[in-house]
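> For the sequence shown, full-length UniProt numbering gives the first residue as 1, with consecutive numbering after it. Don't be surprised by glycine CBs; every beta carbon is placed ideally from N, CA and C. The structure's right below; bear with me while I get my questions together.
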Amino acid sequence: MYNKVVYAFEAPTPSSEVLKEGLAKVLAEFREWAGRYTKETASGCLGINLNDEGVLVIEADVDGTIADAMPFDPFSFLLELVPPTSTVVNELLLMQFTRFTCGGLVIGLASHHHVADGQAATFFMNSWGKIIRGESILPPVHDRSLLKARDPPQPCFDHYEYNTIFDEHSPITSSLTAKKFHFDAIFLQELKSKVNGSDKSRKPYTTFEILVAHMWKCITKSRGLHGDVQTKASIPVGGRNRLNRPFPEEYFGH
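Below, the structure is given as structure tokens:
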């Protein structure tokens, strides 16, 4: 599974040669990106062969300015800024440098999620930027045993969030459509006051929690489901700071 992110920069921006030179240097520290996936014959476990075969870099030009393109369309134009991964690719990291006539630059990144989580990928990008600016970087921590599960597994509580829900009521029959909704500060404050109330004995719900619950309630209502139908909204969160033991900020992995 590839995570896709775009980074937009206004002029002035470094040349592609400078970007690639810095990329070659930072990949010497983050070698997993330039490796290839392998599978052990006996166990079937996936691994990364640090063979330094490299990453894929595509260069493109757009006849227009970044200002004209913003805000990016979440489906059509945005996908053109990131290397395609619909076909079988061997690279674990693919990127595209798209330059605009105004001198602006968009770097589209497709990174394999098994190599790095969001925090690790951000750490890599920040390190790349520091090297381009001539700054020193902190060496990444590659010890993946830090997240190795206990053998045998010893769950401390029931992870009900992983229970599978089979939804046979609303099969997907058409392509997805992107919609944008704006919630102003007044509406959010009214919603928070309604949900949190005056009860000071418990921790108040955050704006994010309240807004997600409100949207999911509206979505579920619009689907016209019966009252006994169970639904679930999945939201990825960072787990590093929730561990019971200290975890290095420089850890590179997933």
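Go to serine 111, then tell me how far its beta strand (DSSP E) extends in each direction, as first and last residue.
Looking at the DSSP string, the run of the beta strand (DSSP E) that includes serine 111 is 105-112.
> Excluding five sequence neighbours on each side, which residues of the same chain lie with their C-beta closer than 6 Å to the C-beta of tyrosine 7?
Ile107
> Please classify glutamate 40: is it buried, with 16 or more other beta-carbons within 10 angstroms of its beta-carbon, or exposed?
exposed
> If you compare alpha carbons, which of Leu188, Cys218, Lys221 is closest to phenylalanine 205?
Residue identity check: residue 205 is tyrosine in the sequence provided, not phenylalanine. Nearest of Leu188, Cys218, Lys221 to tyrosine 205, Cα basis: Leu188.
> In this structure, what does DSSP give as the bridge partners for leucine 56?
Leucine 56 is bridged by DSSP to Leu94.
> Could you pull the DSSP bridge partners for asparagine 49 from this structure?
Arg36
> Which residues bound the alpha helix (DSSP H) around valine 195?
185-196
> Contact between the segment 8-28 and the segment 240-253 is defined here as three or more beta-carbon pairs at a separation below 8 Å; is this criterion met?
no
> Roughly how many angstroms separate the alpha carbons of residue 257 and valine 89, rounded to a whole number?
One cannot answer for residue 257 here, as it falls past the ends of the chain, which runs 1 to 254.
> In chain order, what residues of the same chain lie with their CB nearer than 7 Å to the CB of valine 5, ignoring the 5 residues before and after it?
Leu109
> Are threonine 13 and leucine 105 close, meaning C-beta to C-beta below 8 Å?
yes
> Relative to the C-alpha of histidine 142, which residue among Ala11, Tyr2, His254 is closest?
His254
> Please report how far the alpha carbon of threonine 207 lies from the alpha carbon of phenylalanine 9, in whole angstroms.
29 Å
> Please report the straight-line C-alpha distance between isoleucine 210 and asparagine 3, rounded to a whole angstrom.
26 Å
> Can the beta-carbon of glutamate 53 be found less than 8 Å from the beta-carbon of glycine 35?
yes
> In the DSSP output, which residue or residues are listed as bridge partners for tyrosine 7?
Ile107
> Cβ of valine 57 within 8 Å of Cβ of tryptophan 33?
no
> Any beta-carbon of chain D closer than 8 Å to the one on valine 237?
You won't find chain D in this structure, because it holds only one protein chain.
> Name, in chain order, the residues that DSSP records as bridge partners for phenylalanine 100.
Val62
> Can you tell me whether DSSP reads tyrosine 205 as helix, strand or coil?
coil
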